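Inspection log for the structure reproduced underneath, given as structure tokens.
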Amino acid sequence: MLEGIFDINHIFDEEGIKTLKRFGWDGSVAVQNHNEYSEEKINAAVEYGENCEFKVYSGVKISTKNQNEMEKAVKKYRNKVDILLVEGGDVKINRRVLEMNDVDILSTPELNRMDNGLDHILARLGSTNRVAVELNFGNLLKSKNYDGSKILWAFQRNLKLSKKYDTPVVISSGANDIYGIKAPGDLRGFLNTIADSLYSKKIIETTSKIIDYRLYLKNKNVLMPGLEIVEE
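Each position in the sequence shown, counted from 1, maps to that position plus 804 in this note's numbering.
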């Protein structure tokens, strides 16, 4: 079973990976945009991590408002990477993603919206299909004035729904470089301002559980979730 706390970011360089380790992370999910995917890039990041005893897992974020394109991209990248994210914001995309157990994380469901992007029906779908909702801390930090207030309100609303319906939640630094990297304690401290401490702890540990689940499904003895070949 995979243990530790893992960030979700866009860090692929050696200096950045060493910084993540120095800040106290046990590993990270290095995310590429689906239209810029490079196997060489992620392999190099994994190697940098191995050299300093830091676990780097591969991730792809699919960004499109076209549902058919999104579903095709999910099929294309599901078996190429460890963690699959889909950028939310469009209400149809939000719903479809939460219906798909091939997707791990609905990223930024509140993106460019006046509301939080979720309701009780969508929260239940996420719970049923094990699709996590992302709180992107980097987006909050980069926002200005009213936009920041909207994002913070959306975080609070989505946490309330997710806790009620047991929908997984992850928090990410979303860092693109060393200057965007945050320590686990920073993200935990932020969560403690908008949720109770036990729920904050659960959220900070959820990314490792998602990775562990995907590694389990890659086991050759696992035919599908809950169905395994038992060798005597």
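Don't be surprised by glycine CBs; every beta carbon is placed ideally from N, CA and C. Everything numeric in this text was worked out from a predicted model, so none of it was measured.
{"Query": "How long is the line joining the alpha carbons of VAL922 and LYS845, rounded to whole angstroms?", "Result": "According to the sequence displayed, residue 922 carries Leu and not Val. So the two alpha carbons sit approximately 34 angstroms from each other."}
{"Query": "Can you list the alpha helix (DSSP H) stretches of 4 or more residues lying completely in the stretch 899-953, in chain order?", "Result": "924-933 and 941-946"}
{"Query": "Could you spell out where the alpha helix (DSSP H) holding PHE827 opens and where it closes?", "Result": "818-827"}
{"Query": "Since SER976 contacts ASP811 with CB under 8 angstroms, what's their CB separation in whole angstroms?", "Result": "6 angstroms"}
{"Query": "Could you give the distance in angstroms between the alpha-carbon of ARG928 and the alpha-carbon of VAL901?", "Result": "12 angstroms"}
{"Query": "Using only alpha-carbon positions, find the residue among ASP886, ALA999 and ILE821 that is nearest to LYS1022.", "Result": "ASP886"}
{"Query": "Using CA atoms only, rank isn't needed, just tell me which of ASN933, ARG992, MET918 and THR932 is closest to LEU939.", "Result": "ARG992"}
{"Query": "Put LYS1024 into one of helix, strand or coil per three-state DSSP.", "Result": "coil"}
{"Query": "I'd like to know whether the C-beta atoms of CYS856 and LYS876 end up nearer to each other than 8 angstroms.", "Result": "no"}
{"Query": "In terms of alpha-carbon separation, which member of LEU910, ASN933 and ILE985 lies closest to PHE941?", "Result": "ILE985"}
{"Query": "Out of curiosity, what's the CA-to-CA distance linking ASP894 and TYR1020?", "Result": "31 angstroms"}
{"Query": "Helix, strand or coil for PHE810 per DSSP?", "Result": "strand"}
{"Query": "Is it buried or exposed, ASP919, if we count other Cβ atoms within 10 angstroms and call 16 or more buried?", "Result": "exposed"}
{"Query": "Mind reading off the beta-carbon distance from THR823 to ILE982? Whole number of angstroms is fine, and I expect it under 8 angstroms.", "Result": "5 angstroms"}
{"Query": "State buried or exposed for ASP908, treating a residue as buried only when at least 16 other CB atoms are found within 10 Å of its CB.", "Result": "buried"}
{"Query": "Return the first residue and the last residue of the beta strand (DSSP E) that GLY863 is part of.", "Result": "859-866"}
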